[in-house]
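Asker: Before I ask anything, let me first share the structure, which is written out below as structure tokens.
Residue numbers (my numbering), protein chains in the order written: chain A, 782 to 1165; chain B, 3 to 199.
Next up, the structure:
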């Protein structure tokens, strides 16, 4: 593990879970009688619990944000680029918490859990959850961990939306909001992509109205297609071109004139889709994309985002990436504009990067530098 | 604090809401936040400047002021500040109008191209002048619209901008008698407080 530690990794991490008995009322009107949250922590909580940072995950993420579960694990957590000693979320200073969202499929209560009222798996019966529901459940996790106020709530993409919702719903419970590659709401195009992904899953004969756990035949093809579509939208055309161009699979001769994998990019997408099927639940994917569709804090204020943000007290750090066409800089700019309109403290960086939406997961040098600088400011404020 | 920035700071009222266009490393805003209890934002286009502004604890928005100030409502600020940047923008006339749309008053500082040393440089050496305030060679300069004190005042008149106060500094950031008498010849840096007429 020494080598990893030298490279600024948090090393081997053991996930934890916590059970909550108090019922949770959801935006949908339904109530979860009890639930479990899976989470990981990195770094040490200081004596007055002032150095805690909540990291919110994106669509297909989970609580494994940094480090490794085993010495021989091949890939680290999803935000390894930003969490660890000397990284923007510096675990020498901060106590970083990442929870698996409610409705997830990696340890928190979700479609793959047992419904205590029926004794069967929830499956398609798991209630739809919203970003606000996640904030409510994470606030209870904060109570459980003895954290009254986060030094920052941070996230990219759907995680950035959660950070924004935290600042709106629990203004007293976070000092800073870090919103990266996010949007104040999805565009019609984004909802359209989500709908195609959902239809791919729901029209798979093995989906069986979401009750696939009964037969054990999971909608593999549908979930794979959904993920392939997602992947296309997370990368930029330039990044795909650079990575694959029109490179062909195998070196021999001309076209094979069939529909097997002919181009490298096809091989990549199929691999990404197939490996996703092995680690993700179809009902969770439906639910997470729906939570994205529903997110729109301005909706309760006649579409006025500034009004929705008027009660915010946390300063914001907002960052976007030039080649991100899923959540483009213009979407982040809307958040900035609304914060300016209501006189909030905000800093904004538009980072030149060609990796598309996925840039927020990568060690882009300027991104790391500006993010690190902002978090040093947060550290100085809480005295760590 | 450089003496030109000291003068700018002295023009900012206690608790003013300020917008600093091309805020650089955010040093002026930091000073105004600390000493004048000012609030507000800096706009900057240079990535390095943005990072340093964040390090200085100011609110900085990555933004190209050549694209206007459409993020801000009319009269949103007490002061809109533009130090040593007028000469580097695409349309100084449009920016001045925008400044006084979003701000009650404006503060503008720029290098005076009619300064005697620059005249000397061009007249005698026949080369594009370089000085303290103009530290770039002609081929790498971000400055595209040099002007003189006379030019600036003429533009203000044309745009119906009222000059509240003017100061000039020589190359050592002092304010000698000569510069006060004949600013267009002996002033290297010009500082103006302006408002709508």
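Note that beta-carbon positions come from the ideal geometry of N, C-alpha and C, so glycine has one too.
If you run the structure through DSSP and keep just helix, strand and coil, what is residue 94 of chain B?
Answerer: Helix, per DSSP.
Asker: Hey, could you find the ends of the beta strand (DSSP E) residue 81 of chain B is sitting in?
Answerer: Its beta strand (DSSP E) spans residues 79 to 85.
Asker: Tell me the DSSP secondary structure of residue 6 of chain B in three-state form.
Answerer: Helix, per DSSP.
Asker: Is it right to say residue 977 of chain A is buried, meaning 16 or more other beta carbons lie within 10 angstroms of its own, or is it exposed?
Answerer: The residue in question, residue 977 of chain A, is exposed, as its Cβ has fewer than 16 Cβ neighbours within 10 Å.
Asker: With distance defined between alpha-carbon atoms, name the residue in B:124, B:155, B:103, B:151 nearest to residue 140 of chain B.
Answerer: Among B:124, B:155, B:103, B:151, the Cα nearest to that of residue 140 of chain B is on B:124.
Asker: May I ask you to report which of helix, strand or coil DSSP gives residue 1018 of chain A?
Answerer: Reduced to three states, the DSSP call for residue 1018 of chain A is helix.
Asker: Is the CB of residue 73 of chain B under 9 Å away from at least one CB in chain A?
Answerer: Chain A, which has a Cβ nearer than 9 Å to the Cβ of residue 73 of chain B, makes this yes.
Asker: To be precise: take each residue of the region 52 to 65 of chain B, compare its Cβ to all Cβ atoms of chain A, and keep it if any distance is under 7 Å. Which residues remain?
Answerer: Those residues of the region 52 to 65 of chain B that come within reach of chain A (Cβ to Cβ, closer than 7 Å) are 52, 53, 56, 57, 59, 61, 62, 63, 64.
Asker: Can you find a C-beta in chain B that's less than 9 Å from the C-beta of residue 1126 of chain A?
Answerer: It does: the Cβ of residue 1126 of chain A has a partner Cβ on chain B nearer than 9 Å.
Asker: Which whole-angstrom value is the C-beta distance of residue 963 of chain A and residue 942 of chain A, which I expect to be below 8 Å?
Answerer: With 8 Å as the limit, residue 963 of chain A and residue 942 of chain A qualify as a contact, their Cβ atoms being about 5 Å apart.
Asker: Please state if the CB of residue 105 of chain B and the CB of residue 81 of chain B are separated by a distance shorter than 9 Å.
Answerer: Yes. Within cutoff.
Asker: Helix, strand or coil: which one does DSSP assign to residue 1108 of chain A?
Answerer: Coil.
Asker: What did DSSP end up calling residue 977 of chain A once you bin it into helix, strand or coil?
Answerer: If DSSP states are grouped into helix, strand and coil, residue 977 of chain A belongs with the helices.
Asker: Express the C-alpha separation of residue 911 of chain A and residue 1147 of chain A in angstroms, rounding to a whole number.
Answerer: Approximately 33 Å, taken between the alpha carbons.
Asker: List, in chain order, every chain A residue whose beta-carbon is nearer than 9 Å to that of residue 118 of chain B.
Answerer: The premise fails here: residue 118 of chain B is roughly 42 Å from chain A at the closest Cβ pair, so nothing lies under 9 Å.
Asker: Could you confirm whether any beta carbon from chain B is found closer than 9 Å to the beta carbon of residue 1151 of chain A?
Answerer: It does: the Cβ of residue 1151 of chain A has a partner Cβ on chain B nearer than 9 Å.
Asker: So what does DSSP say about residue 186 of chain B, is it helix, strand or coil?
Answerer: Looking at residue 186 of chain B - three-state DSSP - the assignment turns out to be helix.
Asker: Based on the DSSP secondary-structure assignment, which residues constitute the bridge partners of residue 113 of chain B?
Answerer: Residue 113 of chain B pairs with B:191.
Asker: Taking the alpha-carbon of residue 89 of chain B as reference, which of B:76, B:169, B:72, B:68 has the nearest alpha-carbon?
Answerer: The option with the nearest alpha carbon to residue 89 of chain B is B:68.
Asker: Is residue 49 of chain B close to chain A, meaning its C-beta is less than 9 Å from at least one C-beta of that chain?
Answerer: Interface residue, yes.
Asker: Name the chain B residues that come within less than 8 Å of residue 1155 of chain A, Cβ to Cβ?
Answerer: Result: 56.
Asker: By Cβ distance below 8 Å, which residues in the same chain neighbour residue 812 of chain A in space, the five residues on each side in sequence not counted?
Answerer: 804, 805, 806.
Asker: Exposed or buried, residue 138 of chain B, counting other C-beta atoms within 10 Å across all chains shown (16 or more means buried)?
Answerer: Looking at its Cβ environment, which holds fewer than 16 other Cβ atoms inside 10 Å, residue 138 of chain B is exposed.
Asker: Starting from the beta carbon of residue 1158 of chain A, find every residue of chain E whose beta carbon is closer than 8 Å, and list them in chain order.
Answerer: Within the model displayed, chain E is absent; protein chains A and B are what it includes.
Asker: Enumerate, from N- to C-terminal direction, the unbroken alpha helix (DSSP H) stretches of 4 or more residues contained entirely within the region 19 to 79 of chain B.
Answerer: Qualifying alpha helix (DSSP H) stretches, in chain order: 29 to 38, 49 to 57.
Asker: Could you confirm whether any beta carbon from chain B is found closer than 9 Å to the beta carbon of residue 1096 of chain A?
Answerer: Judged by the 9 Å Cβ criterion, residue 1096 of chain A is in contact with chain B.
Asker: In the structure shown, what three-state DSSP assignment does residue 1163 of chain A receive?
Answerer: It is helical.
Asker: Under 7 Å Cβ-Cβ, which residues of chain B neighbour residue 1147 of chain A?
Answerer: Those within 7 Å of residue 1147 of chain A in chain B are 49.
Asker: Closer than 7 Å between beta carbons: that is the criterion. Which residues of the region 1061 to 1091 of chain A meet it against chain B?
Answerer: Cβ contacts with chain B: none found.
Asker: Since residue 1122 of chain A and residue 1100 of chain A are thought to touch, with beta carbons under 8 Å apart, how far apart are those beta carbons, to the nearest angstrom?
Answerer: Wrong, their Cβ atoms sit about 20 Å apart, outside the cutoff.
Asker: Please list the segments of the alpha helix (DSSP H) lying wholly inside the region 1056 to 1102 of chain A, counting only runs of 4 or more residues, in order along the chain.
Answerer: Within the region 1056 to 1102 of chain A, the complete alpha helix (DSSP H) runs of at least 4 residues are 1063 to 1075, 1086 to 1089.
Asker: According to DSSP, residue 993 of chain A sits in a beta bridge with which residue or residues?
Answerer: Residue 993 of chain A pairs with nothing; no bridge assigned.
Asker: Checking contacts by CB at 9 Å: is residue 1130 of chain A closer than that to chain B?
Answerer: For residue 1130 of chain A, the answer is yes, since a Cβ of chain B falls inside 9 Å of its Cβ.
Asker: Compare the C-beta of residue 1121 of chain A with all C-beta atoms of chain B and state if any pair is closer than 9 Å.
Answerer: Residue 1121 of chain A counts as touching chain B.
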